[in-house]
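*Asks:* First to last, the protein sequences are chains B and X.
Residue 45 is where the first sequence starts when you use this note's numbering, and the numbers rise one by one after that.
Residue 73 is where the second sequence starts when you use this note's numbering, and the numbers rise one by one after that.
Just so you know, even glycine gets a beta-carbon here, dropped at the ideal spot from N, CA and C.
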Amino acid sequence: MTNWMKRILVTGTMLAGLVTAAHADPFRIGYLIPNPVGDVGWSHELDAGAKAIQEHFGDKVEVQTVNSLGEGPDATRVMDKMAADGFNMLILGSFGYQQDGLKLAKRYPNLSVVHIGGYLNAKNFSTLAPRHYEAAYLCGMAAGMVTKSETLGVIAAFPLPEVLNIMNAYVLGAQSTNQSLKPVKVIWLNSWFDPAKEKASAESLASQGSDVIYSLFPGTPAPVAVAEQLGVYATVTHSDNTKYAPTKHLCAGQLNFGPVLIDKVQQAMDKAFKGDDVFAGVKEGTIAVAGLNNDLSADQKAQILATQDQMRAGTFNPFTGPIASNDGKDAVPAGTALDDAAIKSMKFLVKGIDTTIPN
Amino acid sequence: MDALVFVLAGAMATATPMLLAALGELVVEKAGVLNLSIEGMMAIAAAIAFMVTLGTHDHTLGLLAGVVSGVLLSLVFAMLVLVFMANQVAAGLAVGILGLGLSALLGRAYEGMTILPLAKLSIPVLSGLPVIGPVLFGQDVVVYLAFALAALIAWFLYATKAGLKLRVIGENPATAHALGLWPVATRLAAIAFGGAMAGLAGGYASTVLTPVWSQDMIAGRGWIAVALVVFGTWRPARIVVGAYLFGAVSLLGLALQALGIGIPSQLMTCMPYVLTIVVLVVISADKVRIRLNAPASLGENYRPTT
Chain B
45 MTNWMKRILV TGTMLAGLVT AAHADPFRIG YLIPNPVGDV GWSHELDAGA KAIQEHFGDK
105 VEVQTVNSLG EGPDATRVMD KMAADGFNML ILGSFGYQQD GLKLAKRYPN LSVVHIGGYL
165 NAKNFSTLAP RHYEAAYLCG MAAGMVTKSE TLGVIAAFPL PEVLNIMNAY VLGAQSTNQS
225 LKPVKVIWLN SWFDPAKEKA SAESLASQGS DVIYSLFPGT PAPVAVAEQL GVYATVTHSD
285 NTKYAPTKHL CAGQLNFGPV LIDKVQQAMD KAFKGDDVFA GVKEGTIAVA GLNNDLSADQ
345 KAQILATQDQ MRAGTFNPFT GPIASNDGKD AVPAGTALDD AAIKSMKFLV KGIDTTIPN
Chain X
73 MDALVFVLAG AMATATPMLL AALGELVVEK AGVLNLSIEG MMAIAAAIAF MVTLGTHDHT
133 LGLLAGVVSG VLLSLVFAML VLVFMANQVA AGLAVGILGL GLSALLGRAY EGMTILPLAK
193 LSIPVLSGLP VIGPVLFGQD VVVYLAFALA ALIAWFLYAT KAGLKLRVIG ENPATAHALG
253 LWPVATRLAA IAFGGAMAGL AGGYASTVLT PVWSQDMIAG RGWIAVALVV FGTWRPARIV
313 VGAYLFGAVS LLGLALQALG IGIPSQLMTC MPYVLTIVVL VVISADKVRI RLNAPASLGE
373 NYRPTT
């Protein structure tokens with residue numbers, strides 16, 4: 045693909061590394077981002093996290109960000125080189141970096157690694173995952189409030205447990221504010237990245253009556269921009285997309301990697317790095333609703349924000365029973381709530397979602 | 073009914089980039105040159121067209137800029153294979169990768185930006201007809217242009233003297249040269265035309281079909297165009313059928329999912345590829361005819377010795 049360009053980037057990064065190595069030893073952090081950094085989306089929020097670290101620690105740290113690496117051998121080479129060059133810490137921003145990152149952590153015991161979006165841990169290899177589902181529940185509440193056709197549409201990439209828990213939370217949120225909701229329609233893209241397909245999916249859902257479209261882990265802002273053109277509401281993960289749908293942006297789950305990452309960097313600098321499993325949500329300031337549409341009344345907004353406050357206080361878990369799955373099973377019995385492990389490995393869809401899990 | 077209109081009307085626009093690029097490649101291959109850099113030409117044109125459209129708010133200028141950038145990249149390919157006699161497959165792949173890389177580099181600052189799409193045609197009464205209205209009379213202008221170009225290319229190849237000469241060169245450039253034809257100049261013109269078509273296709277993909285710029289947004293459509301030419305056995309009408317079939321079936325998957333019909337979505341994702349191949353293989357099952365249609369010197373370089 046764009047190998048030659050990556051090579052230039054990588055070489056540039058290394059040269060920068062050589063030049064700055066002469067300074068009075070700042071704490072060096074290598075920060076890998078899988079895709080180009082746009083104005084919104086996963087890679088943009090990761091980049092914002094890198095900037096937050098640099099801003100918080102100033103001269104004491106040196107963050108070297110490399111983006112557009114994909115998940116292949118280019119990324120592996122960059123992280124290998126960074127570790128060999130004596131970087132103190134690596135922050136890896138994509139699921140696919142897990143295996144290679146873990147190998148590096150084992151080979152370099154003094155290296156602290158934070159991997160975002162995985163499930164494996166080691167002494168110096170920490171996992172960080174945002175609780176997307178919390179914001180999804182809140183955006184679902186907004187969707188339930190504004191829908192006139194009582195029909196919600198969801199565009200999702202692949203049926204991973206994380207995608208399922210986000211989708212479920214969204215639908216549970218919508219059901220909590222709207223009792224007459226029709227079955228929620230889902231389009232599986234089976235692709236992480238195809239803007240034309242994302243756009244066509246939004247059009248397909250809107251043509252069949254969905255008046256709120258949820259773009260779950262979008263590759264691009266295409267579905268949100270199309271929703272504005274079609275006159276239907278858009279809800280979205282990762283970033284506030286209001287600029288792509290000035291009048292129809294209903295709600296977004298805005299990520300903020302700054303606080304948790306600053307915490308991890310501080311641990312590493314204090315030689316107290318924990319290879320723990322960080323599942324960070326509203327409470328840790330990692331995610332919050334953003335870009336709420338002004339078509340929501342003040343009362344409705346207050347209701348959403350009140351639920352968010354409950355999440356912050358730790359008194360509200362969207363996956364509190366009774367919850368039935370859409371194949372008629374009792375997924376979460378009354379009086380119980382799913383723990384983090386169960387949420388992270390979710391394999392069912394809640395009642396009211398009109399799709400099957402492709403497998 | 074809404075789903076039907078969505079599929080039939082949307083298929084036209086979905087198919088257009090693949091159709092344009094495939095028609096261009098058809099002319100190139102009929103002249104005996106295999107240009108595998110379509111994906112790269114589309115990518116670079118998509119980037120340039122997007123940047124120009126964003127800056128000027130004029131789709132026509134944007135598409136023209138896309139055409140020009142497609143031609144320029146195709147000339148790099150032409151230089152490699154016509155002047156330096158490089159292997160066509162290797163040169164095509166290399167130029168294609170160059171195009172993808174350049175498009176990513178140029179588009180860096182534009183990542184995720186959006187522009188308004190081209191307006192759809194609106195004819196009083198006709199566009200308002202149920203089903204037929206949105207399908208036939210509610211498309212953007214490039215869709216009709218693609219249709220017209222398909223007819224024009226078919227006419228050029230099979231009903232004009234220039235088209236006959238081009239096909240002769242594709243069959244046997246040495247004989248053509250002996251007859252007094254100009255194989256190198258003709259191939260150069262064909263390659264540039266292919267570049268222009270791929271450029272228009274790429275520009276359409278980034279400014280009309282998906283009015284958002286993102287690296288790698290062509291997402292394999294250039295390769296589908298190459299495949300359409302082969303599976304359509306170098307016949308314009310079959311390429312048109314193949315492209316629209318591909319567009320319709322890929323949208324059908326999305327429509328069925330939105331209807332909530334329980335077909336596994338992976339199956340629907342691979343259906344466009346499977347069905348297009350099956351249909352085109354069936355309609356062109358006659359091996360003799362394939363051999364008649366395939367340019368005999370495809371992929372072979374030729375330089376006049378005298």
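In chain X, which residues lie with their C-beta within 8 angstroms of the C-beta of Trp86/B?
*Replies:* Chain X residues near Trp86/B: none, gap ~11 angstroms exceeds 8 angstroms.
*Asks:* Using a Cβ-Cβ cut-off of 7 angstroms, state whether Ala297/X counts as contacting chain C.
*Replies:* Protein chains B and X are contained in the structure displayed, whereas chain C is not.
*Asks:* For Phe265/X, count neighbouring Cβ atoms within 10 angstroms of its own Cβ and tell me buried if that reaches 16, exposed if not.
*Replies:* It counts as buried.
*Asks:* Taking DSSP as the reference, what is the three-state secondary structure of His159/B?
*Replies:* His159/B falls in the strand class under three-state DSSP.
*Asks:* When the cut-off is 7 angstroms and only beta carbons count, does Thr88/X lie next to chain B?
*Replies:* It does not; no Cβ of chain B falls within 7 angstroms.
*Asks:* Helix, strand or coil, according to DSSP, for Met45/B in the structure here?
*Replies:* Below a pLDDT of 50, predicted positions are generally treated as unreliable, and Met45/B, at 43, falls in that range; the measurement from the model is reported next regardless. Coil.
*Asks:* Give me the residue from Trp232/B, Ala266/B and Met390/B with the minimum Cα distance to Gln329/X.
*Replies:* Considering only alpha carbons, the answer is Trp232/B.
*Asks:* Any beta carbon of chain X sitting closer than 7 angstroms to that of Gln219/B?
*Replies:* Not closer than 7 angstroms to any Cβ of chain X, the Cβ of Gln219/B fails to qualify, so no.
*Asks:* Tell me the DSSP secondary structure of Val214/X in three-state form.
*Replies:* Three-state DSSP puts Val214/X in a helix.
*Asks:* By the three-class DSSP mapping on this structure, what secondary structure does Gly74/B have?
*Replies:* DSSP places Gly74/B in strand when its eight states are reduced to three.
*Asks:* Compile a chain-ordered list of the residues in the segment 275-289 of chain X whose CB is closer than 8 angstroms to at least one CB of chain B.
*Replies:* The segment 275-289 of chain X vs chain B, Cβ under 8 angstroms: Ala277, Leu281, Thr282, Pro283, Val284, Ser286, Gln287, Asp288 and Met289.
*Asks:* The alpha helix (DSSP H) spanning Ile343/X covers which residue range?
*Replies:* First, the amino acid is wrong: residue 343/X is Met here, not Ile. It spans Ser337 to Ile355 - the alpha helix (DSSP H) in which Met343/X sits, taken as one unbroken run.
*Asks:* Let me confirm a value: Ala240/B is counted as buried when at least 16 other C-beta atoms fall within 10 Å, else exposed. Which label applies?
*Replies:* The residue in question, Ala240/B, is buried, as its Cβ has 16 or more Cβ neighbours within 10 Å.
*Asks:* Taking the beta strand (DSSP E) that Ala258/B belongs to, which residues open and close that run?
*Replies:* For the sequence presented, residue 258/B should be read as Tyr rather than Ala. Val256 to Ser259 is the extent of the beta strand (DSSP E) around Tyr258/B.
*Asks:* Leaving out five residues before and five after Glu272/B in sequence, what residues of the same chain have Cβ atoms less than 6 angstroms from its Cβ?
*Replies:* Taken in chain order, the residues that qualify are Ala289 and Lys292.
*Asks:* Cys342/X: buried (16+ other C-beta within 10 angstroms of its C-beta) or exposed?
*Replies:* Classification for Cys342/X: exposed.
*Asks:* Determine the chain B residues that contact Asp74/X at a beta-carbon separation under 7 angstroms, and present them in chain order.
*Replies:* Here the neighbours are Ser251 and Gln252.
*Asks:* Any Cβ of chain B within less than 7 angstroms of the Cβ of Ser337/X?
*Replies:* Yes, because at least one Cβ of chain B sits closer than 7 angstroms to the Cβ of Ser337/X.
*Asks:* Could you tell me the distance, in whole angstroms, from the CA atom of Val63/B to the CA atom of Asp69/B?
*Replies:* The predicted model places Val63/B with a pLDDT of 48, which falls under 50 and marks its position as unreliable; any figure quoted below should be read in that light. Val63/B and Asp69/B: Cα-Cα distance of roughly 12 angstroms.
*Asks:* If the cut is a Cβ gap below 9 angstroms, which residues of chain X does Phe169/B touch?
*Replies:* The premise fails here: Phe169/B is roughly 30 angstroms from chain X at the closest Cβ pair, so nothing lies under 9 angstroms.
*Asks:* Closest by CA to Ile97/B, which one among Pro78/B, Met133/B, Ala128/B and Ser112/B?
*Replies:* Comparing Cα-Cα distances from Ile97/B to each of Pro78/B, Met133/B, Ala128/B and Ser112/B, the minimum goes to Met133/B.
*Asks:* If you count every other CB in all the chains shown that lies within 10 Å of the CB of Pro89/X, and 16 or more means buried, which is it?
*Replies:* Looking at its Cβ environment, which holds 16 or more other Cβ atoms inside 10 Å, Pro89/X is buried.
*Asks:* Round the Cβ separation of Leu382/B and Phe363/B to the nearest angstrom and send it over; I've been treating them as touching at under 8 angstroms.
*Replies:* The pair is a contact, with the Cβ atoms about 4 angstroms apart (cut-off 8 angstroms).
*Asks:* Can you check whether the C-beta of Leu326/X is within less than 7 angstroms of a C-beta belonging to chain B?
*Replies:* Yes, Leu326/X counts as interfacial toward chain B.
*Asks:* Quick one: Cα of Leu172/B to Cα of Tyr182/X, how far?
*Replies:* So the alpha carbons of these two residues sit roughly 30 angstroms apart.
*Asks:* Within 10 Å of its beta-carbon, does Ala65/B have 16 or more other beta-carbons around it, so buried, or fewer, so exposed?
*Replies:* Legend: pLDDT at Ala65/B = 49, less than 50; position of this residue unreliable, value from coordinates given subsequently. Answer is exposed; the Cβ neighbour count stays below 16.
*Asks:* Where does Lys308/B land, buried or exposed, given buried means 16+ other C-beta within 10 angstroms?
*Replies:* The residue is buried, with at least 16 neighbouring Cβ atoms inside 10 Å.
*Asks:* Are the CB atoms of Pro265/B and Asn285/B within a distance shorter than 7 angstroms?
*Replies:* Going by C-beta atoms, Asn285/B is nearer than 7 angstroms to Pro265/B.
*Asks:* Glu89/B and Phe317/B look like a contact to me (Cβ under 8 angstroms); what is the Cβ gap, rounded to whole Å?
*Replies:* With a Cβ gap of about 23 angstroms, Glu89/B and Phe317/B do not count as contacting.
*Asks:* Do Gly137/B and Leu76/B have their C-beta atoms closer together than 7 angstroms?
*Replies:* Yes, the Cβ-Cβ distance between Gly137/B and Leu76/B is below 7 angstroms.
*Asks:* Do we get a CB-CB distance below 7 angstroms when we pair Leu347/X with the residues of chain B?
*Replies:* With 7 angstroms as the cut-off, Leu347/X does not count as an interface residue toward chain B.
*Asks:* Give me the DSSP bridge partner(s) of Gly179/X.
*Replies:* Answer is none; Gly179/X lacks a bridge partner.
*Asks:* Just checking: is the beta-carbon of Phe318/X within a distance shorter than 7 angstroms of some beta-carbon in chain B?
*Replies:* Chain B, which has no Cβ nearer than 7 angstroms to the Cβ of Phe318/X, makes this no.
*Asks:* Within the continuous beta strand (DSSP E) that includes Gln298/B, where are the two ends?
*Replies:* Looking at the DSSP string, the run of the beta strand (DSSP E) that includes Gln298/B is His293 to Leu299.
*Asks:* Which residues in the same chain as Thr380/B place their Cβ atom closer than 6 angstroms to its Cβ, once the five residues preceding and following it in sequence are excluded?
*Replies:* Here the set comprises Gly365.
*Asks:* Per DSSP, what kind of secondary structure is Gln108/B in: helix, strand or coil?
*Replies:* Correct three-state label for Gln108/B: strand.
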